[in-house]
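Participant: Those protein sequence lines, which keep their order, are chains A and B.
So that you can map any letter, position 5 of the first sequence is 1324 in the working numbering, and since no number is skipped, the others follow by simple counting.
So that you can map any letter, position 240 of the second sequence is 1559 in the working numbering, and since no number is skipped, the others follow by simple counting.
We treat Cβ as the ideally placed atom computed from N, Cα and C, and that holds for glycine.
All values derive from a computational prediction rather than experimental measurement.
There are 2 protein chains.
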Amino acid sequence: MSTLDEIAKLSGFSKATVSRVLNHSPHVSPETREKILAIMEETDYVPNRNAISLSKGQTQQIGMITMDLSELILRFMNGFVEISGRYGFQTIIYTTGGDKQKELQAFEDLKRKRVDALLILTSVNDTNVISSYCKYGSIVSWQRMDHPEIPSVAMNQYDGYALALEHLIERGYTRIANAFGRPSSINTRSRRLAYEQLMAKYSLPVNEKWYYSSIYSIRDGEQVVKSLMERTDRPDAILCSNDLVAAGVLSEARRQRLDVPRDLAIVGFDNSELSRTLGITTVRNPISGQAENAFLLLAPSLLGRNMELQPLSFSLVKRETT
Amino acid sequence: MSTLDEIAKLSGFSKATVSRVLNHSPHVSPETREKILAIMEETDYVPNRNAISLSKGQTQQIGMITMDLSELILRFMNGFVEISGRYGFQTIIYTTGGDKQKELQAFEDLKRKRVDALLILTSVNDTNVISSYCKYGSIVSWQRMDHPEIPSVAMNQYDGYALALEHLIERGYTRIANAFGRPSSINTRSRRLAYEQLMAKYSLPVNEKWYYSSIYSIRDGEQVVKSLMERTDRPDAILCSNDLVAAGVLSEARRQRLDVPRDLAIVGFDNSELSRTLGITTVRNPISGQAENAFLLLAPSLLGRNMELQPLSFSLVKRETT
DNA sequence: GCTTGACATGTAACGCGTTCCAAGGTTTAG
DNA sequence: CTAAACCTTGGAACGCGTTACATGTCAAGC
């Protein structure tokens, strides 16, 4: 392994000049540059990343924190890895499994300068704890954090939900049920708001019994249909908070010999792979756009320049369940 | 940001002693240790990761190389991240998108000591090119590499395929078709071997027309069924090289009003999330076990000690398609 | 011809731990 | 009581680039 010092000695120039060549400094004469590059080539030299990181105080690495790796998370990561790669940043994954201590590791790594910045996908630690690390580097989050120093790229769900609703209403569905996720979450609140406002706008019935909460998984979706079947005032459509739930609803509906979408229309959320496989109408969530914005939010601290966020919007992907 | 040097000055001890405390060296008196630890606490000191990496020549980071992030890859990564984390190693992702140059980046990073070792999940570069980097650090691969210095944790598909076949035969299916992947791959060869040997063993017909090749996706699976329907000598079961294909086969079979599994039994491979969702019988591929083994193979170079690989085996997950 | 400035290059300190070797002090065995 | 053995601690070099500041050179400007 040759070092910069060796290159300097072999070429007869100083370390500074060699370093200038490496960093494409304009203050090197073309001949010198040539000579040094030739020697680097010969000796198969590459600069040691750790030495650079140490002296620059930057690692060009960004940490991504997540509890686990779901398809959605993956799409986000993919988008984020993509754009940060374009700017020369590597990404490193911290899967916490929901363990606070393990998650803290990632923040400690920001402090010890293993990473220059952090992206939170899902986190379990207290916002106050997390924000105390802001002084060591930029932190952005996908999930909303409610802290001025930790911006989030989460989108307001109102528009997406409204889009799905308008579509259902347009198709003639009027008795629309909701499978919400975490009851207290901001997402659920804005979805619910969208629902209530739209139903009012079209003078359609709002039935408290058509609200399901804490519905997350395929299994939960199946449960919803089962409980639906015991009703007399059955809804004719159901809006799900994610595609997993929609998949569960769909498979159980079929098992119950419901004709989808005639007896029951189903709309999912996120436009995941699963929804495509199963032909579920869903709301396209521009996840990689959000991922890009996440990086752009880090740009000031990472690249020293502000970058404009791109505007994002939901769109409807019509398939066979509506 | 306090540094080790400051801690040394504040405590009145030398840097060496402070470093010993950090590294849990036994050659420090308890009182000294206490004092130094107290000062570290006070000044909110954490050692700089880059300085450690530079002087130790090790970063405690392992790179994972993949073209993209599919569910299977993810499961492997998850397992790998898990076990390497247990031994204090961070993992960093290199998604190459199938770009040779981008992939080479990862290998260069091994050379520049950004990572201590590399895990190849999928790679597009020539084995000779890759193996030239072995001198800079250990490399293991999931996919078979056919090079003595790059061990692989891929499993021989023979057993898994045989398992599925035995199951089908036991259930009374005799006309069994195959949806293979890449025709020339080792996996396909061993699967085919398993098929031919087992069919011979049970004196069952082997029909060349029941071999499909280059079948990878849901869409491909659907195509297979369509082409099957045009046949008079239709098979009564089909063994798919992965669950995606099986899902395609299943959905098209249903569309064609075939009764699964009576008219057509379907077996997938990998036991992916999708197979569970759709109730497809499949072969459980112990992916996280392979991931662990991948790490264990790196252990000698990373931890300086040999670790025994765990034996792995396929198993059958019986569901509703057989 | 002399000053000014642009440009090429060098010097040396710095970033921050780790580790080999040596030294001073103390305990233990003989 | 002394020599060997051990423990605790320090000194200083090392790992490898980066960078602020200094120096030397040559050409343009007056």
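Check whether the Cβ atoms of Val-1400(B) and Thr-1415(B) lie closer than 9 Å to each other.
Facilitator: The count along the second sequence starts at 1 and reaches residue 1400(B) at position 81. The count along the second sequence starts at 1 and reaches residue 1415(B) at position 96. Not in contact: Val-1400(B) and Thr-1415(B) (Cβ atoms no closer than 9 Å).
Participant: His-1486(B): buried (16+ other C-beta within 10 angstroms of its C-beta) or exposed?
Facilitator: Taking the first residue of the second sequence as position 1, residue 1486(B) is located at position 167. It is buried - the Cβ of His-1486(B) has at least 16 other Cβ atoms within 10 Å.
Participant: Spell out whether any CB of chain A is found under 9 Å from the CB atom of Lys-1419(B).
Facilitator: Against the second sequence, residue 1419(B) aligns to sequence position 100. No, its Cβ sits nowhere closer than 9 Å to a Cβ of chain A.
Participant: Do you know how far the Cα of Leu-1393(B) is from the Cα of Met-1464(B)?
Facilitator: Position 145 of the second sequence, counted from the start, is the residue given in the question as residue 1464(B). Position 74 of the second sequence, counted from the start, is the residue given in the question as residue 1393(B). The straight-line gap from Cα to Cα measures roughly 20 Å.
Participant: Classify Arg-1510(A) as buried or exposed, calling it buried when 16 or more other Cβ atoms lie within 10 Å of its own Cβ.
Facilitator: What you label residue 1510(A) is simply residue 191 of the first sequence in a count that begins at 1. Buried is the call here.
Participant: Which residues does DSSP pair with Gln-1379(A) in a beta bridge?
Facilitator: Taking the first sequence and counting its residues from 1, the one referred to as residue 1379(A) is at position 60. Gln-1379(A) pairs with nothing; no bridge assigned.
Participant: Should Thr-1410(A) be flagged as near chain B, meaning a C-beta pair shorter than 9 Å?
Facilitator: What you label residue 1410(A) is simply residue 91 of the first sequence in a count that begins at 1. At least one chain B Cβ lies under 9 Å of Thr-1410(A).
Participant: So, does the segment 1613–1623 of chain A touch the segment 1578–1597 of chain A, judging by three or more C-beta pairs under 8 Å?
Facilitator: No, they do not touch.
Participant: Determine the chain A residues that contact Lys-1334(B) at a beta-carbon separation under 7 Å, and present them in chain order.
Facilitator: For the purposes of this step, residue 1334(B) is taken as residue 15 along the second sequence, with counting starting at 1. Near Lys-1334(B) there are no residues of chain A at all, since even the closest Cβ is about 16 Å away, more than 7 Å.
Participant: Identify the contact partners of Pro-1366(B) in chain A, using a Cβ-Cβ distance below 9 Å as the criterion.
Facilitator: Your numbering for residue 1366(B) matches position 47 in the second sequence. Simply Arg-1431.
Participant: Give every residue of the same chain whose Cβ lies closer than 6 Å to the Cβ of Gly-1540(A), excluding the five residues on either side of it in the sequence, and list them in chain order.
Facilitator: Looking up residue 1540(A) in the first sequence gives position 221. So the list reads Val-1564, Gly-1567 and Val-1568, once near-sequence residues are dropped.
Participant: Using a Cβ cut-off of 9 Å, pull out every chain B residue sitting near Thr-1428(A), in sequence order please.
Facilitator: Taking the first residue of the first sequence as position 1, residue 1428(A) is located at position 109. Sequence check: residue 1428(A) is Asp here, not Thr. What Asp-1428(A) touches in chain B: Arg-1368 and Gln-1409.
Participant: Quick one: which unbroken beta strand (DSSP E) runs of 3-plus residues sit fully inside the segment 1381–1427 of chain B? Chain order, please.
Facilitator: Whole beta strand (DSSP E) segments, 3+ residues: 1409–1414.
Participant: Alpha carbon to alpha carbon, how far is Ser-1457(A) from Phe-1395(B)?
Facilitator: What you label residue 1457(A) is simply residue 138 of the first sequence in a count that begins at 1. What you label residue 1395(B) is simply residue 76 of the second sequence in a count that begins at 1. Spanning the two alpha carbons is a distance of roughly 30 Å.
Participant: Hey, Ser-1442(A) and Gln-1424(A) are a contact pair by Cβ (cut 8 Å); roughly how many whole angstroms apart?
Facilitator: Translated into the one-based positions of the first sequence, residue 1442(A) becomes position 123. Translated into the one-based positions of the first sequence, residue 1424(A) becomes position 105. Actually they do not touch by this definition, with Cβ atoms about 12 Å apart.
Participant: For Thr-1600(B), which beta-bridge partners are listed by DSSP?
Facilitator: The residue labelled residue 1600(B) in the question sits at position 281 within the second sequence. In DSSP, Thr-1600(B) forms a bridge with Val-1586(B).
Participant: Between the Cα of Gly-1608(B) and the Cα atoms of Pro-1630(B), Glu-1592(B), Ile-1599(B) and Arg-1431(B), which residue gives the shortest distance?
Facilitator: The residue given as residue 1608(B) occupies position 289 in the second sequence. It is Pro-1630(B).
Participant: Would a C-beta distance cut-off of 9 Å place Leu-1438(B) and Gly-1404(B) closer than the cut-off?
Facilitator: What you label residue 1438(B) is simply residue 119 of the second sequence in a count that begins at 1. What you label residue 1404(B) is simply residue 85 of the second sequence in a count that begins at 1. No. Outside cutoff.
Participant: Which residues does DSSP list as the beta-bridge partners of Thr-1530(B)?
Facilitator: Position 211 of the second sequence holds residue 1530(B). Note that residue 1530(B) is Tyr in the sequence shown, not Thr. The partner list for Tyr-1530(B) (beta bridge, DSSP) reads Asn-1497(B).
Participant: Under 7 Å Cβ-Cβ, which residues of chain B neighbour Ile-1537(A)?
Facilitator: One-based indexing of the first sequence puts residue 1537(A) at position 218. Neighbours of Ile-1537(A) on chain B, chain order: Thr-1596.
Participant: Kindly list, in the order they appear in chain B, the residues whose Cβ is closer than 7 Å to that of Pro-1372(A).
Facilitator: In the first sequence, counting from the first residue as 1, residue 1372(A) sits at position 53. Note that residue 1372(A) is Ser in the sequence shown here, rather than Pro. Correct list: Asn-1369.
Participant: Going by the DSSP bridge assignment, what does Ser-1457(A) pair with across the sheet?
Facilitator: In the first sequence, residue 1457(A) corresponds to position 138, counting from 1. Ser-1457(A) pairs with Ala-1436(A).
Participant: Could you give the residue range of the beta strand (DSSP E) that holds Ile-1557(A)?
Facilitator: In the first sequence, counting from the first residue as 1, residue 1557(A) sits at position 238. Residues 1556–1559.
Participant: Helix, strand or coil for Leu-1635(B), going by three-state DSSP, please let me know.
Facilitator: Here residue 1635(B) refers to the residue found at position 316 of the second sequence. In the structure shown, Leu-1635(B) sits in a strand (DSSP, three-state: E or B).
Participant: At a CB distance below 8 Å, what residues from the segment 1381–1403 of chain B approach chain A? Give them in sequence order.
Facilitator: From the segment 1381–1403 of chain B, only Asp-1387, Leu-1388, Glu-1390, Leu-1393, Met-1396, Asn-1397, Val-1400 and Glu-1401 have a Cβ closer than 8 Å to chain A.
Participant: Nearest to Pro-1554(B) by alpha carbon, out of Ser-1570(B), Asn-1561(B) and Pro-1580(B)?
Facilitator: Residue numbering aside, residue 1554(B) sits at position 235 when the second sequence is read from its first letter. The candidate whose alpha carbon is nearest that of Pro-1554(B) is Pro-1580(B).
Participant: Is the distance from the Cβ of Tyr-1406(B) to the Cβ of Leu-1597(B) below 9 Å?
Facilitator: Indexing the second sequence from 1 puts residue 1406(B) at position 87. Indexing the second sequence from 1 puts residue 1597(B) at position 278. No.
Participant: Does DSSP put Ser-1321(A) in a helix, in a strand, or in coil?
Facilitator: Residue 1321(A) sits at position 2 when you count from the first residue of the first sequence. Note: Ser-1321(A) maps to coil in three-state DSSP.
Participant: Flag Leu-1635(A) as yes if its beta-carbon sits less than 9 Å from any beta-carbon of chain B, otherwise no.
Facilitator: If you number the first sequence from 1, residue 1635(A) lands on position 316. Judged by the 9 Å Cβ criterion, Leu-1635(A) is not in contact with chain B.
Participant: Going by other Cβ atoms of all chains shown within 10 Å of its Cβ, with 16 needed for buried, is Val-1347(A) buried or exposed?
Facilitator: The residue given as residue 1347(A) occupies position 28 in the first sequence. Its Cβ being crowded by 16 or more others within 10 Å, Val-1347(A) is buried.
Participant: With a 10 Å radius around its C-beta and 16 neighbouring C-beta atoms as the bar for buried, classify Val-1602(A) as buried or exposed.
Facilitator: As a working note, residue 1602(A) is residue 283 in the first sequence. Result: buried.
Participant: Quick check: what's the CA-CA separation for Ile-1384(A) versus Ala-1327(B)?
Facilitator: Translated into the one-based positions of the first sequence, residue 1384(A) becomes position 65. Translated into the one-based positions of the second sequence, residue 1327(B) becomes position 8. The alpha-carbon atoms of Ile-1384(A) and Ala-1327(B) are separated by roughly 34 Å.
Participant: Among Tyr-1535(B), Tyr-1480(B) and Leu-1341(B), whose alpha-carbon lies nearest the alpha-carbon of Ser-1502(B)?
Facilitator: Here residue 1502(B) refers to the residue found at position 183 when the second sequence is read from its first residue. Sequence check: residue 1502(B) is Pro here, not Ser. Checking every option, the nearest Cα to that of Pro-1502(B) belongs to Tyr-1535(B).
Participant: Can you give me the C-alpha to C-alpha distance between Gly-1500(B) and Pro-1366(B), rounded to a whole angstrom?
Facilitator: If you number the second sequence from 1, residue 1500(B) lands on position 181. If you number the second sequence from 1, residue 1366(B) lands on position 47. Distance between the alpha carbons of Gly-1500(B) and Pro-1366(B): 50 Å.
Participant: Alpha carbon to alpha carbon, how far is Ile-1355(B) from Val-1337(B)?
Facilitator: For the purposes of this step, residue 1355(B) is taken as residue 36 along the second sequence, with counting starting at 1. For the purposes of this step, residue 1337(B) is taken as residue 18 along the second sequence, with counting starting at 1. Distance between the alpha carbons of Ile-1355(B) and Val-1337(B) is about 7 Å.
Participant: What residues from chain B crowd round Thr-1362(A), counting only those whose CB sits closer than 9 Å?
Facilitator: One-based indexing of the first sequence puts residue 1362(A) at position 43. Near Thr-1362(A) there are no residues of chain B at all, since even the closest Cβ is about 13 Å away, more than 9 Å.
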